[in-house]
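Numbering (the UniProt record's numbering), first residue to last: 1 to 845. In what follows, a single structure is set out as structure tokens and then discussed.
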């Protein structure tokens with residue numbers, strides 16, 4: 001990546017064509033996005049990771065030679081020799097050999113099934129071993145040695161393959177280089193709750209081969225605390241080391257801790273040889289991030305063109321989303337500056353941690369850490385070294401941040417603030433670009449390079465455009481200029497049924513964790529295709545991968561549908577038998593159905609086959625779709641009942657079951673104004689009157705509960721259903737991603753009056769289309785679990801677990817609490833808590 005950046009920068013600035021460049025690369029592929037390596041596991045398409053212009057097509061000044069490994073450097077002759085015996089002369093040589101994955105000398109580290117996580121070829125090897133592991137059926141586990149950035153990426157990949165991932169980290173916390181004790185502990189808890197077993201503060205003693213009677217083999221990992229983990233494969237992600245062997249053999253100076261020693265101009269001990277990227281030890285220090293690597297490339301380009309640039313203080317800030325968890329650190333995150341102060345907000349309930357490191361007078365921001373919610377990172381990071389505009393606590397208080405760092409905003413930054421650290425772009429640079437005509441994020445990226453590397457600064461680009469008075473589009477993300485509603489229309493009007501087809505024709509790039517699940521939801525809302533069919537399976541949210549909700553200890557819940565709370569005695573008996581046989585915890589929920597908790601992944605097909613064979617179906621508790629329709633007992637049993645609320649609830653639930661939407665949908669039907677079904681707290685609420693039904697819409701629970709509002713009164717059964725059809729289809733078509741009905745109504749131009757005009761008066765002329773779309777959904781509905789059980793290809797993602805030994809996964813554990821079986825806490829390192837001490841007269845937690 002850094003070598004490619006150097007060539008790009010040199011060709012852009014060398015307008016006279018003085019330099020000709022030969023690129024010698026030992027890999028099969030030209031420069032690709034190694035930071036986004038895990039994305040390769042989603043589509044297995046190498047071209048998707050290719051960096052733009054990496055083949056230098058049509059550029060006569062650049063020659064790219066792949067599969068060409070350099071074996072030695074002859075400094076006296078100013079040439080290099082390759083493995084095929086060829087020699088290439090140079091005037092100036094740039095060493096950009098990067099780093100290699102460090103493998104600790106653990107006994108057994110070189111056994112078959114042990115891998116590193118570094119290149120595309122590495123991932124191909126990992127995939128082959130995953131397939132072998134699943135086919136053998138002896139274990140459903142993968143082990144990652146290393147709990148840093150790359151280790152967690154590898155664990156995420158294993159989880160995506162359908163394995164239970166174990167992360168082993170010698171340090172007392174995850175991401176020890178970026179997070180402090182409290183931040184690492186919270187990250188460990190959150191990742192543990194996602195089903196990944198976290199072992200911190202332990203080492204790996206040995207890796208052994210386990211032979212099986214069928215002739216296959218697996219591995220067994222022994223940890224320093226005595227734990228044994230049977231696994232199909234091991235991935236080492238224990239850090240990297242600079243690839244300085246060529247430089248050392250050529251007699252170039254090597255830093256004490258490895259890496260080619262350079263000065264601030266990135267020149268080595270030979271004035272004709274430079275080093276950039278991870279192999280360069282600039283004044284003795286190697287930097288393992290792409291941002292400093294790109295900076296070193298720019299310094300060398302300037303020097304080649306007779307400039308005097310020097311490597312500045314490196315920005316080691318990082319921001320990423322690991323398994324859906326936001327993590328960021330910037331500046332002096334660990335608070336090593338003398339006499340610095342720290343402001344911390346540790347919200348255990350909402351699982352967020354924020355820390356700011358300040359100067360001793362509490363006026364200057366030195367650094368910080370954000371876990372769980374990193375929305376303020378974009379504004380805070382550029383302020384490092386600057387005076388804060390207000391109360392530090394207010395900047396990270398959840399009540400102030402409003403989910404998007406609105407307590408500050410880009411307007412609080414000086415023009416000198418570095419918005420894009422990867423490409424050294426300041427706010428002033430961006431403002432100049434806007435003044436010169438850049439009108440959107442894409443223009444700014446093209447003009448300045450901001451946001452073209454890690455992408456973490458892209459939200460700030462949009463904020464700055466708005467602050468400068470440039471009207472912005474409602475683009476879904478940087479890969480689609482269209483809004484969700486516009487993409488819905490495109491998919492509805494075309495025959496496109498895949499994400500790859502949509503992004504190829506109407507988007508750019510590879511997609512992200514915003515557009516992929518959004519498009520998956522739209523595809524599910526516009527057809528009756530199974531969500532695990534083909535390419536669509538890889539786009540789903542985590543729970544949809546196994547059609548079950550993952551619980552805090554890595555087990556899953558089983559939730560059969562009980563329309564309107566109406567259940568047959570034989571189904572009650574079956575649920576009790578299954579819960580007893582599989583050791584599941586049962587809970588009657590507020591949605592009037594019985595949830596079973598504690599199932600292992602390998603048990604899900606067995607459980608659902610018995611439920612489906614008995615005539616039950618998926619309750620879709622895992623999906624952004626209709627959950628339940630709650631009812632009272634209505635006229636059948638209640639002396640106050642005015643209409644048959646039970647039958648209406650059953651009819652509505654069976655009609656709208658499986659309906660995918662921007663967010664989950666809940667309904668309620670009450671048989672009279674006494675409101676026993678709490679219908680006015682639902683997205684769709686129906687309350688009986690003497691002459692029919694009152695229809696209420698857009699009530700939600702959650703963080704900001706909203707009462708549903710009256711849309712229409714005294715409706716007959718047919719009109720009620722017709723209005724609900726129209727309402728739901730209008731919502732599904734126009735709402736933003738993950739937007740529930742209450743905030744959707746608040747954002748709707750014209751509010752409730754406009755909604756009433758669309759639904760009841762057909763002001764848009766779309767009523768017939770809405771009703772036809774709902775009719776297609778009703779006609780095409782099939783139980784998703786039934787579809788899995790009838791399709792060997794879909795069932796294959798569970799087959800390894802079905803064939804696995806009957807012993808439970810040791811990471812899925814339970815304890816007795818108040819007479820109930822509940823998930824055991826995830827075994828991770830926790831910070832020690834000190835209480836008030838008279839000895840040191842201070843309090844710490």
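Ideal placement from N, C-alpha and C gives every residue a C-beta, glycine not left out.
Below 8 Å on the Cβ atoms is my guess for residue 522 versus residue 480; work out the distance and round it to an integer in Å.
Actually they are not in contact, since the Cβ atoms of residue 522 and residue 480 sit about 11 Å apart, beyond 8 Å.
In angstroms with no decimal places, state the Cα-to-Cα distance between residue 70 and residue 124.
Looking at the two C-alpha atoms, the distance is approximately 24 Å.
Considering only residues of the same chain and omitting the five flanking positions on each side of residue 789, which have a CB-CB separation below 8 Å?
Hits under 8 Å: 605, 608, 609, 612 and 795.
Please classify residue 458: does DSSP put it in a helix, a strand, or coil?
The answer is helix: DSSP assigns residue 458 an H, G or I state.
Is residue 562 helix, strand or coil when you go by DSSP?
Coil at residue 562, not helix or strand.
Taking all protein chains shown into account, do 16 or more other C-beta atoms lie within 10 angstroms of the C-beta of residue 557, making it buried, or fewer, making it exposed?
By the neighbour-count rule (16 or more Cβ atoms within 10 Å), residue 557 is buried.
Could you check where the beta strand (DSSP E) with residue 383 kicks off and where it finishes?
Neither: residue 383 is in no beta strand (DSSP E) and is coded neither H nor E.
Since residue 419 contacts residue 382 with CB under 8 Å, what's their CB separation in whole angstroms?
About 6 Å; that satisfies the 8 Å criterion.
Does DSSP classify residue 61 as helix, strand or coil?
Residue 61: coil per DSSP, three-state reduction.
Would you check if there are 3 or more beta carbon pairs closer than 8 Å linking the segment 303-311 to the segment 96-115?
No, they do not touch.
Taking the alpha carbon of residue 90 as the reference point, which residue from 667, 105, 688 and 77 has its own alpha carbon closest?
Answer by Cα proximity: 77.
Would DSSP call residue 420 helix, strand or coil?
Strand, per DSSP.
For chain D, check one thing: does any of its Cβ atoms lie closer than 8 Å to the Cβ of residue 143?
In the structure shown, chain D does not exist; there is a single protein chain.
Under the rule that 16 or more other beta-carbon atoms within 10 Å means buried, what is residue 546, buried or exposed?
By the 10 Å Cβ count, residue 546 comes out buried.
Would you call residue 102 buried or exposed, if buried means 16 or more other Cβ atoms sit within 10 Å of its Cβ?
Exposed, because fewer than 16 other Cβ atoms sit within 10 Å of the Cβ of residue 102.
What residues in its chain sit with their C-beta under 8 Å from that of residue 258, if we drop five residues either side in the sequence?
241, 242, 244, 281 and 286.
Give me the Cβ distance between residue 627 and residue 665, rounded to the nearest whole Å; I'm assuming they're in contact under 8 Å.
Going by Cβ atoms, the distance from residue 627 to residue 665 rounds to 7 Å, so yes, they are a contact pair.
Please return the same chain residues whose Cβ sits closer than 6 Å to the Cβ of residue 798, not counting the five positions on each side in sequence.
605, listed in sequence order.
Given a cut-off of 8 Å on the beta-carbon distance, is the pair residue 9 and residue 301 in contact?
Cβ atoms of residue 9 and residue 301: closer than 8 Å.
My understanding is that residue 563 touches residue 650, with C-beta atoms under 8 Å, so please give their C-beta distance in whole angstroms.
Yes, residue 563 and residue 650 are in contact; Cβ-Cβ is about 4 Å, under 8 Å.
Under the rule that 16 or more other beta-carbon atoms within 10 Å means buried, what is residue 457, buried or exposed?
By the 10 Å Cβ count, residue 457 comes out buried.
Quick check on residue 248: buried or exposed, where buried means 16 or more other Cβ atoms within 10 Å of its Cβ?
By the neighbour-count rule (16 or more Cβ atoms within 10 Å), residue 248 is not buried but exposed.
What are the start and end residues of the alpha helix (DSSP H) that includes residue 114?
Element bounds for residue 114: not the alpha helix (DSSP H) but the beta strand (DSSP E), 114-116.
Runs of 4 residues minimum, wholly inside the segment 428-492: which ones carry the alpha helix (DSSP H) assignment?
Here the runs fully enclosed are 441-448 and 458-467.
How is the alpha helix (DSSP H) around residue 523 delimited, first residue to last?
Residues 515-525.
Go ahead and pull the three-state DSSP assignment for residue 501.
It is helical.
Under DSSP, the alpha helix (DSSP H) around residue 569 begins and ends at which residues?
Unbroken alpha helix (DSSP H) run through residue 569: 569-582.
Strictly by DSSP, which residues pair up with residue 594?
Looking at the DSSP assignment, residue 594 forms a beta bridge with 588.
Nearest by alpha-carbon distance to residue 565: which of 315, 544, 106 and 592 is it?
When only C-alpha atoms are compared, the closest one is 592.
If you follow the beta strand (DSSP E) that residue 344 is in, where does it begin and where does it stop?
It spans 341-347 - the beta strand (DSSP E) in which residue 344 sits, taken as one unbroken run.
Tell me which residues share the same chain as residue 512 and place their Cβ nearer than 7 Å to its Cβ, disregarding the 5 neighbours each side in the sequence.
Within the same chain, residue 512 has close Cβ partners 477 and 479.
Taking residue 205 as the reference, give the member of 632, 723, 373 and 106 with the closest Cα.
Checking every option, the nearest Cα to that of residue 205 belongs to 106.
When burial is assigned at 16 or more other CB atoms within 10 Å of the CB, is residue 785 buried or exposed?
Buried, by the Cβ-count rule.
Given that a residue counts as buried once 16 or more other Cβ atoms are within 10 Å of its Cβ, and exposed if not, what is residue 439?
Exposed.
Excluding five sequence neighbours on each side, which residues of the same chain lie with their C-beta closer than 7 Å to the C-beta of residue 781?
Cβ within range, chain order: 528, 657 and 658.
Along the chain, where does the beta strand (DSSP E) containing residue 693 start, and where does it finish?
Per DSSP, residue 693 belongs to the beta strand (DSSP E) from 693-697.
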